[in-house]
């Protein structure tokens with residue numbers, strides 16, 4: 001969602017990080033293309049007569065990347081390795097600092113019709129909360145539990161409330177992974193380096209599906225993550241898929257069964 005517009009630049013409020021990303025106003029698609037994009041986005045709703053205009057509060061769709069000129073390569077590699085194993089929902093000091101050190105750049109801005117983006121969604125109703133952690137800075141952590149499983153006593157044996165599935169939370173990533181899985185020998189290489197938070201989400205979802213994750217440089221040569229490397233997602237090799245499906249033989253199956261006339265020790 002557009003947060004501000006000033007001096008030929010626009011700034012987008014990011015939902016899952018403590019930083020805004022910027023874009024040049026020249027990155028906004030022309031009105032004729034905007035109208036076509038909106039018509040295809042809204043689905044069965046009546047076509048729009050006029051293309052939407054960019055303003056504060058506009059709902060937009062865009063491509064996100066890291067501005068390579070704004071990052072020190074050594075710091076980028078170090079920060080990536082430090083944050084690679086962090087939880088997707090854990091906001092640590094190092095992660096926030098890493099976000100602030102980056103300049104996130106939006107490109108190819110498409111203005112969406114009003115009320116396209118859902119900023120509030122009810123995950124579950126009839127729940128109760130238990131404070132499991134309290135901090136001195138006024139924040140804390142509440143564990144949600146299913147209140148319908150209560151039996152009237154003080155029993156704590158109730159069902160935890162599960163968060164939103166990643167496929168539902170990151171719909172576009174799920175659609176991309178679906179397209180890779182349906183292609184024979186298919187794969188996707190991102191054209192530019194991605195922010196660390198986005199990389200973690202995509203890698204987690206791709207590995208959960210058994211896809212192969214690697215990184216390449218500008219010449220499509222395999223490199224280590226960080227230092228401006230681009231994310232590459234492909235189907236696993238045939239040998240890797242076969243090896244993953246085959247379980248190693250157990251020690252029981254390797255023990256020979258004695259036949260009549262044999263003596264075992």
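Numbering (full-length UniProt numbering), first residue to last: 1 to 265. Virtual Cβ for every residue (Gly too), placed ideally from N, Cα, C. Just so we're clear, the structure is a prediction, and the values are computed from it rather than from any experiment.
Query, Result
"Cα-Cα separation, residue 14 to residue 112", "16 Å"
"Buried versus exposed, by CB contacts within 10 Å (16 or more), residue 141", "exposed"
"Beta bridge counterpart(s) of residue 2 as assigned by DSSP", "12"
"Own chain partners of residue 27 with C-beta closer than 6 Å, once the 5 adjacent residues on each side are dropped", "107, 109"
"Terminal residues of the beta strand (DSSP E) in which residue 141 lies", "140-146"
"C-beta atoms of residue 130 and residue 145 nearer than 8 Å", "yes"
"Expected contact under 8 Å - CB spacing of residue 206 and residue 217 to nearest Å", "Actually they do not touch by this definition, with Cβ atoms about 20 Å apart."
"Beta-bridge partners of residue 105, as assigned by DSSP", "22, 65"
"Contact check, residue 180 vs residue 173, beta carbons under 8 Å", "no"
"8 Å CB neighbourhood of residue 123 in its chain, flanking five on each side removed", "161, 163, 164"
"Distance between residue 36 and residue 21 (C-alpha atoms, nearest Å)", "25 Å"
"Bridge partner(s) assigned by DSSP for residue 230", "216"
"Near the ligand NAD: residue 169 beta-carbon under 7 Å from a heavy atom", "Among the components modelled here there is no ligand, and therefore nothing to report on the ligand NAD."
"Residue 189, enclosing beta strand (DSSP E) - first and last residue", "187-189"
"Counterpart residues of residue 130 in DSSP-defined beta bridges", "143"
"Whole-angstrom distance between residue 203 and residue 221, CA atom to CA atom", "19 Å"
"Counted within 10 angstroms of its Cβ, other Cβ atoms place residue 105 as buried (16 or more) or exposed", "buried"
"Nearest residue (CA-CA) to residue 225, options 139, 213, 176", "213"
"Between the CA atoms of residue 128 and residue 8 - distance to the nearest angstrom", "48 Å"
"Residues sharing a beta bridge with residue 160, DSSP", "145"
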